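Undergrad: Residue numbers (the numbering used here): 1 to 277. Even for Gly, the Cβ is constructed at its ideal location relative to N, Cα and C. Computed from a predicted structure; not experimentally measured. Before I ask anything, here is the structure I am working with.
Here it is, written out as structure tokens:
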């Protein structure tokens, strides 16, 4: 296969996800190839995802591919077909500018496939009435989303497209209230949760955590809450057993989470919620 044919195949793999059990899925083999990762490492990342068994069964469908051996014998190599949600969970651990570009391409591929499958009878569509989110509520969300883009060192356009792909809307500025609620849920996960693959990798030193611990002391004082309880809450939200697992790249995320808690104890608990309705 020449370089041009190989390039065309790669594009085709991204654009055309496959159908399995009446839903679009993408193979772990395609993910490994286009993200330039070894397939066995991708399989390991999938197996290490800390998710409920029923959620795993729904979003990671075990399959096999035939691999010819040196003597002509065929062996079975395990793989997974992933739904959009499964792929999104896995791809959270893939970092870097190039990885972000591929994430967007995969989500666009899912969007394209789902658009083809979405057929709503006119009589049903006529009875559906969605209440559009208020402009100030969308503006509030955009502000928080732009902050997330800053933390992740990605452009607003990249972040916007990733959010739109995840919550399945064509334009966040045209969201209804239900879509806005979903957008906030996804954004909070991106802002605070540390992907399993990154936990304990390039972990913080005691000096790196000085600001985090200082703000926890302040929060415990102004909120009149045991510091140990606050620390346990922070670790739970971020998906950590302890701050010893916090990677340096997520220190700003931890600080943001603590400031959110301080604001809540200062009487601003409903500020964002009220702005979203």
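Among the residues of its own chain, which have a CB less than 7 Å from the CB of residue 59, if the five just before and after it don't count?
TA: The count along the chain shown starts at 1 and reaches residue 59 at position 59. Taken in chain order, the residues that qualify are 82, 83, 85, 86.
Undergrad: Using CA coordinates, which residue listed in 61, 73, 138, 45 is at the minimum distance from residue 93?
TA: The count along the chain shown starts at 1 and reaches residue 93 at position 93. The residue with the shortest Cα to Cα distance from residue 93 is 45.
Undergrad: Looking only at its chain, what residues have a beta carbon closer than 6 Å to the beta carbon of residue 34, apart from the 5 residues adjacent to it on each side?
TA: Counting from 1 along the chain shown, the entry for residue 34 is found at position 34. Cβ neighbours of residue 34 beyond the five flanking positions: 102.
Undergrad: Output the distance between the C-alpha atoms of residue 281 and residue 71, rounded to the nearest integer angstrom.
TA: Residue 281 lies beyond the range of the chain shown here (1 to 277); nothing can be said about it.
Undergrad: Taking the beta carbon of residue 175 as the centre, do at least 16 other beta carbons fall within 10 Å, making it buried, or is it exposed?
TA: On the chain shown, position 175 is the one that residue 175 refers to. Burial call: buried.
Undergrad: Rank 186, 184, 257 by C-alpha distance to the C-alpha of residue 213 and give the top, closest one.
TA: For the purposes of this step, residue 213 is taken as the residue at position 213 of the chain shown. When only C-alpha atoms are compared, the closest one is 257.
Undergrad: Could you give the first and the last residue of the continuous alpha helix (DSSP H) run that contains residue 245?
TA: The count along the chain shown starts at 1 and reaches residue 245 at position 245. From DSSP, residue 245 is part of no alpha helix (DSSP H); its letter is neither H nor E.
Undergrad: Checking 9 Å against the spacing of the C-beta atoms, do residue 262 and residue 204 come in under that value?
TA: As a working mapping, residue 262 is identified with position 262 in the chain shown. As a working mapping, residue 204 is identified with position 204 in the chain shown. No. Outside cutoff.
Undergrad: With DSSP as the reference, please indicate the residues paired to residue 78 in a beta bridge.
TA: As a working mapping, residue 78 is identified with position 78 in the chain shown. Answer is 64.
Undergrad: Run the CB neighbour count on residue 166, radius 10 Å, all protein chains shown included, and call it buried at 16 or more, exposed below.
TA: Translated into positions along the chain shown, residue 166 becomes position 166. With 16 or more other Cβ atoms within 10 Å, it is buried.
Undergrad: Can you confirm whether the stretch 182–191 touches the stretch 146–153 when touching is taken to mean that 3 or more C-beta pairs between the two stretches lie within less than 8 Å?
TA: Because the criterion of three Cβ pairs below 8 Å is met, the stretch 146–153 and the stretch 182–191 touch.
Undergrad: Taking 9 Å as the cut-off, decide whether the C-beta atoms of residue 234 and residue 220 are in contact.
TA: On the chain shown, residue 234 is found 234 positions in, with the first residue counted as 1. On the chain shown, residue 220 is found 220 positions in, with the first residue counted as 1. Result no, Cβ atoms of residue 234 and residue 220 do not sit closer than 9 Å.
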